[in-house]
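If you read the sequence shown in full-length UniProt numbering, its first letter stands for residue 1, the second for the next number, and so on. Note sheet for the following structure.
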Amino acid sequence: MDCLFCKIVCGDIPARKFCEDDQVIAFHDISAQAPVHFLVLPKKHIATLNDLSEENDKLLAGHILVTAQRLAREQGCQDGFRVVMNCNDLGGQTVHHIHMHVLGQRQMHWPPG
Ligand code: 5GP
Ligand code: ZN
């Protein structure tokens with residue numbers, strides 16, 4: 001499958017990975033938009049949030065969220081951080097393998113652009 005994040009998962013493309021378990025990995029975003037900016041994603045290929053299965057992926061989705069929360073704390077963001085998941089082209093998604101952005105260590109504003 002021609003998917004950038006699948007290639008990072010299997011090690012064909014290098015990334016600054018700093019957490020990995022049997023289901024998810026986390027690595028620093030190549031184009032950081034904050035002093036802390038990393039991505040948490042499932043190892044299995046799921047293209048967009050629209051493709052999450054209510055039947056099969058509930059536990060995985062929760063695991064991504066609690067991993068993001070733990071890693072944010074470990075990266076010194078316990079006072080506040082932002083998580084973002086862009087869905088599909090209209091939602092600003094550029095890599096079609098779901099991932100949760102975690103951004104921190106700067107003041108966030110709302111609404112996003
Ligand atoms: P999206 O726009 O799909 O929500 O987020 C994709 C993110 O992946 C972007 O923030 C982009 O900077 C990041 N990204 C794209 N290519 C690479 C890469 O090769 N390595 C890493 N570490 N991040 C990447
Ligand atoms: Zn993939």
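Ideal placement from N, C-alpha and C gives every residue a C-beta, glycine not left out.
Under the 10 Å beta carbon count, residue 66 is surrounded by fewer than 16 other beta carbons and is classified as exposed.
Residue 19 carries a strand assignment under DSSP once its states are collapsed to helix, strand and coil.
In the DSSP assignment, residue 62 falls outside any beta strand (DSSP E) and lies within the alpha helix (DSSP H) extending over 58-74. In this structure the stretch 43-53 lies against the stretch 96-106, because at least three pairs of beta carbons, one per stretch, are closer than 8 Å.
Within the same chain, Cβ atoms closer than 7 Å to the Cβ of residue 63 are found at 23 and 24, the five residues on either side in sequence being excluded.
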